[in-house]
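For the sequence shown, the positions run 78 to 260 when the working numbering is used.
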Amino acid sequence: MSDSGRRRDMGRIVKYKGIEPEIARGVFLAEGSILIGDVKIGNNSNVWFNTVIRGDLNSIRIGENVSVQDLVLIHVSRNGPPAIIGDNVTIGHKATVHGAKISNNVLVGMGAILLDGCEIGEYSVIGAGSVVTEGMKIPPYTLVVGIPAKVKKTFDKSEVERFSHFYKEYLGLKEEYLKMEGK
Numbered sequence: 078m079s080d081s082g083r084r085r086d087m088g089r090i091v092k093y094k095g096i097e098p099e100i101a102r103g104v105f106l107a108e109g110s111i112l113i114g115d116v117k118i119g120n121n122s123n124v125w126f127n128t129v130i131r132g133d134l135n136s137i138r139i140g141e142n143v144s145v146q147d148l149v150l151i152h153v154s155r156n157g158p159p160a161i162i163g164d165n166v167t168i169g170h171k172a173t174v175h176g177a178k179i180s181n182n183v184l185v186g187m188g189a190i191l192l193d194g195c196e197i198g199e200y201s202v203i204g205a206g207s208v209v210t211e212g213m214k215i216p217p218y219t220l221v222v223g224i225p226a227k228v229k230k231t232f233d234k235s236e237v238e239r240f241s242h243f244y245k246e247y248l249g250l251k252e253e254y255l256k257m258e259g260k
């Protein structure tokens with residue numbers, strides 16, 4: 078491995094301007110994933126194939142039990158807000174999270190885009206392909222869809238059970254991959 082980065086599992090961890098990503102216990106980094114700079118990932122999270130998490134311009138904080146699926150991009154602006162992702166969050170394939178704040182127990186659909194300064198309330202769902210614009214505040218327990226994203230529905234607490242388990246499926250998958258690698 079060159080001086081530009083080291084590997085953990087099959088992902089690549091790159092120090093940027095003296096700051097190296099901090100990865101907690103039980104985190105799985107799939108082959109082709111890359112973490113750069115000021116990134117912290119909490120216990121039992123998983124980062125899947127060809128995902129890029131770039132903390133080169135500002136900080137990125139990812140909570141516990143978070144599933145960052147294949148081809149996701151998480152980035153920040155130099156003078157914008159950090160990216161903060163709570164616990165028990167699923168970020169679907171090919172989503173982009175740019176300087177956004179995501180509360181606990183959120184599902185971000187495939188291909189969704191979350192722009193600088195937006196805030197996603199707990200137990201919310203961002204529909205596949207939706208664009209949450211800069212500074213937009215999504216209330217807790219809501220479904221938003223569209224370009225730009227608009228509130229389509231408010232959930233009651235019993236309804237969130239249908240989607241709040243998605244991150245758990247990837248926790249199991251993470252364990253299978255770790256076993257395959259002999260870890």
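Ideal Cβ placement from N, Cα and C applies to all residues, glycine included.
- The alpha-carbon separation between residue 105 and residue 93 amounts to approximately 21 angstroms.
- For residue 114, the enclosing beta strand (DSSP E) has its first and last residue at 111-118.
- Residue 105 sits in a strand when the DSSP states are folded into three classes.
- Under the Cβ criterion (8 angstroms, minimum of three pairs), the segment 119-126 counts as touching the segment 140-159.
- Cβ atoms of residue 193 and residue 157 come within 8 angstroms of each other, at about 4 angstroms.
- DSSP, reduced to helix, strand and coil, places residue 148 outside both helices and strands of the structure shown, so it counts as coil.
- Setting aside the 5 residues that flank it on each side, residue 227 is surrounded in the same chain by 221, each with a C-beta closer than 7 angstroms to its C-beta; the list follows chain order.
- Here DSSP, grouped into helix, strand and coil, assigns residue 143 to coil.
- When secondary structure is reduced to three states using DSSP, residue 245 falls in the helix class.
- Here residue 98 is buried, its C-beta having at least 16 other C-beta atoms within 10 Å.
- Bounds of the beta strand (DSSP E) holding residue 174 are 173-175.
- Just measuring C-alpha positions, the residue of 196, 195, 207 and 153 sitting nearest residue 186 is 207.
- In its chain, beyond the 5 residues on either side, 180, 215, 216 and 217 have a beta carbon closer than 6 angstroms to the beta carbon of residue 198.
- When DSSP states are grouped into helix, strand and coil, residue 94 belongs to the coil group.
- Contact annotation, residue 166 with residue 140: C-beta distance approximately 7 angstroms; criterion of less than 8 angstroms satisfied.
- Membership of residue 222 in the beta strand (DSSP E) is indicated by the continuous run 219-222.
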